[in-house]
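Contents: one structure, followed by commentary.
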Amino acid sequence: MPTNRPLRVFLCHSSNDKPAVRELYQKLRAEPWIQPWLDEEELYPGQDWNMEIEKAVEAADAIIVCISKGSITKEGYVQRELRIVLDYADYKPEGTLYLMPVRLEECDPPRRLRPWQYADYFEGQRERGLERLLVSLKRRSDSLGLNYKKPKFDTEKVMSFLNSTDDISISAIGDEEILDGDVEYVNAPISNKLILSNGMEFMRVSAGEFLMGDEKSTVDISYDYWMARYPVTNELYNAFIKSQGIFHPVSGWEKLKDHPVVYVKWRDTVAYCQWLNQLLKSELPLDLVLRLPTEAEWEKAARGIDGREYPWGNQFDKNKCNTAEGGKGGTTPVGLYSPQGASPYGCIDMAGNALEWTHSIFKRYPYKDNDEREDELSSETRVLRGGSFDFDRIYARCACRSAYSVRYPDHYLGFRTVVAPPLPE
4 MPTNRPLRVF
14 LCHSSNDKPA
24 VRELYQKLRA
34 EPWIQPWLDE
44 EELYPGQDWN
54 MEIEKAVEAA
64 DAIIVCISKG
74 SITKEGYVQR
84 ELRIVLDYAD
94 YKPEGTLYLM
104 PVRLEECDPP
114 RRLRPWQYAD
124 YFEGQRERGL
134 ERLLVSLKRR
144 SDSLGLNYKK
154 PKFDTEKVMS
164 FLNSTDDISI
174 SAIGDEEILD
184 GDVEYVNAPI
194 SNKLILSNGM
204 EFMRVSAGEF
214 LMGDEKSTVD
224 ISYDYWMARY
234 PVTNELYNAF
244 IKSQGIFHPV
254 SGWEKLKDHP
264 VVYVKWRDTV
274 AYCQWLNQLL
284 KSELPLDLVL
294 RLPTEAEWEK
304 AARGIDGREY
314 PWGNQFDKNK
324 CNTAEGGKGG
334 TTPVGLYSPQ
344 GASPYGCIDM
354 AGNALEWTHS
364 IFKRYPYKDN
374 DEREDELSSE
384 TRVLRGGSFD
394 FDRIYARCAC
404 RSAYSVRYPD
414 HYLGFRTVVA
424 PPLPE
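Following this note's numbering, the numbering of the sequence shown begins with 4 at its first residue and continues without gaps.
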């Protein structure tokens, strides 16, 4: 009988190779049938490093060892990870360990890795390399009898079922079959990436606590949601403009199609979301809507759960974002700083480029999700997040917040959307 779970993939790498490995992680994570494991995503403060790595290696169905000229001679964590992987391989029965050396650049694999056929994931050729990796991983998944399907179910039916019986056996809930005795299917992982028919990409942010604000207070978001990977672009916004019979706010936008739209007022962003909801309603997950993010949703998607200063870490780097330090003098294409400037969830431009509207009313901290921050559509000031090309690093911090009148547009004001539960009306 097929096993209904995703393929577990462990990524072994050097810290020097982090940008390329993080990109690979995000691409694997976007595949619903793959559950990748990367230390910076899975290890939390206070955990025993060796113990958690050993547990992850032993649980993995496939192990990808990323190597480069620097990593094969580097002392430190990559060697510790690699030793754990290879020591594990020594006592596994021959042929039962699925290990894949992946070269990030031209180099000779270390002697102990040579028994395994390697794959290439070179810069400039990564799409082709990814295709070959996915084929190999799919073969591994098939050989293990894994047959993961994204669950689709009616929440009320699930709860009614769980409350009414102790007998874990059911033929179907909603549209998907559930295997007898497979309790975990009800809470199975769902896709980490959502792509709508107009090309908009959304990255999943899991429910739970995170550290918010400069004071790093603990805030709990009790639901999963999907944050737009990029700000809304001039080209995407133009479809809305045409439907309304009005002028595009950006002069000469045709030459800046993949730049974030700017000069948008808050109420225009709300109208855009309402229009897009009607247009793509059938594509959204059950009981979720497309809207502006709250400032808590925005901040968690930007900094993760660990309170980091910038999406990529605690040190500012002008090469990872479009701020005044970079001297661009205007917006840049939304994918320009990917993956080096990506947030922990794979969202881009959450530091710099366009300053982004949120749905939230500007109120003082401590932040509380039940203090009517989202209720009053008549409020004159709303929270802006993310800095812009016109501001310096201080404003690009994940915790930085600004207030602005809903009445006025400006040359650095843009927005992104979120797919999440509806807000109170």
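Ideal Cβ positions, reconstructed from N, Cα and C, are used throughout, including at glycine.
No experiment lies behind these values; they were computed from the predicted model shown.
key: Terminal residues of the beta strand (DSSP E) in which K196 lies   = K196 to I198
request  = Give the range of the beta strand (DSSP E) segment to which Q343 is assigned.
outcome  = Here Q343 belongs to no beta strand (DSSP E), and DSSP marks it neither H nor E.
task = Provide the residue span of the alpha helix (DSSP H) that contains C276, from first to last.
result = W269 to L283
query = Taking buried to mean at least 16 other C-beta atoms within 10 Å of its own C-beta, is S163 buried or exposed?
reply = Residue confidence for S163 is low, a pLDDT of 46 falling below 50, so the modelled location carries little weight; the figure read from the coordinates is stated next. Its Cβ having fewer than 16 others within 10 Å, S163 is exposed.
message = Considering only their Cβ atoms, is the gap separating V265 from Y411 smaller than 9 Å?
response = Contact flag unset, no.
task = Put A423 into one of helix, strand or coil per three-state DSSP.
result = strand
request  = Could you tell me the distance, in whole angstroms, from the CA atom of P192 to the CA atom of E34?
outcome  = Caution is warranted here: a pLDDT of 35 is assigned to P192, below 50, making its placement in the model unreliable, and the coordinate value is therefore given only provisionally. Roughly 12 Å separates the two Cα atoms.
task = Using alpha carbons as the reference points, say which of M353, G344, L89 and I397 lies closest to K21.
result = G344
request  = Taking all protein chains shown into account, decide if F250 is buried (16 or more other Cβ within 10 angstroms of its Cβ) or exposed.
outcome  = exposed
inquiry  = Less than 9 Å between the beta carbons of S391 and G355, yes or no?
reply    = yes
request  = State buried or exposed for D51, treating a residue as buried only when at least 16 other CB atoms are found within 10 Å of its CB.
outcome  = exposed
task = Please determine, among T6, K58, L41 and P288, the residue with the shortest C-alpha to C-alpha distance to Y348.
result = Out of T6, K58, L41 and P288, L41 has the C-alpha closest to the C-alpha of Y348.
ask   = So, using beta-carbon positions, are A92 and V105 closer together than 9 Å?
value = No. Outside cutoff.
query = Does DSSP classify A406 as helix, strand or coil?
reply = In the three-state reduction of the DSSP assignment, A406 falls in the strand class.
task = Going by CA-CA distance only, name the one from G332, L293 and I308 that's closest to G211.
result = I308
inquiry  = Looking at the strands, I want to know which residues DSSP matches up with D429.
reply    = Residue coverage of the chain in this structure runs from 4 to 428, which leaves residue 429 outside it and unanswerable.
8 Å contact criterion, which G216 and Y398 should meet: CB distance rounded = That belief does not hold up - the Cβ atoms of G216 and Y398 are roughly 15 Å apart, past 8 Å.
query = Going by alpha carbons, who is nearest to W229 out of P314, C276, A304 and S246?
reply = Of the listed residues, the one whose Cα sits closest to W229 is A304.
task = Locate the beta strand (DSSP E) running through F213, then write down its first and last residues.
result = G211 to M215
request  = Name the one or two DSSP bridge partners that T6 has.
outcome  = L149
request  = Report the rounded CA-to-CA distance for K30 versus E286, giving the unit in angstroms.
outcome  = Taking C-alpha positions only, K30 is separated from E286 by approximately 22 Å.
Helix, strand or coil at V235 according to DSSP, with G and I counted as helix = coil
message = Using the three-state DSSP reduction, which class does G316 fall into: helix, strand or coil?
response = strand
key: Sub-9 Å separation of E377 and H362 beta-carbons   = yes
ask   = DSSP beta-bridge partners for P39?
value = V12
request  = Classify L250 as helix, strand or coil using the three-state DSSP reduction.
outcome  = The sequence shown places Phe at residue 250, not Leu. If DSSP states are grouped into helix, strand and coil, F250 belongs with coil.
request  = Starting from the C-beta of D223, find all residues in its chain whose C-beta is less than 6 Å away, skip the five residues before and the five after it, and write them out in chain order.
outcome  = Listed in chain order, the non-local C-beta contacts of D223 below 6 Å within the same chain comprise E212, local neighbours out to five positions each way being set aside.
ask   = V294 bridges to which residues according to DSSP?
value = The sequence as given places Arg at residue 294; Val does not occur at that position. According to the DSSP secondary-structure assignment, R294 is paired through a beta bridge with V421.
key: For G148 and H262, the rounded distance between their alpha carbons   = C-alpha separation (whole angstroms): 44 Å.
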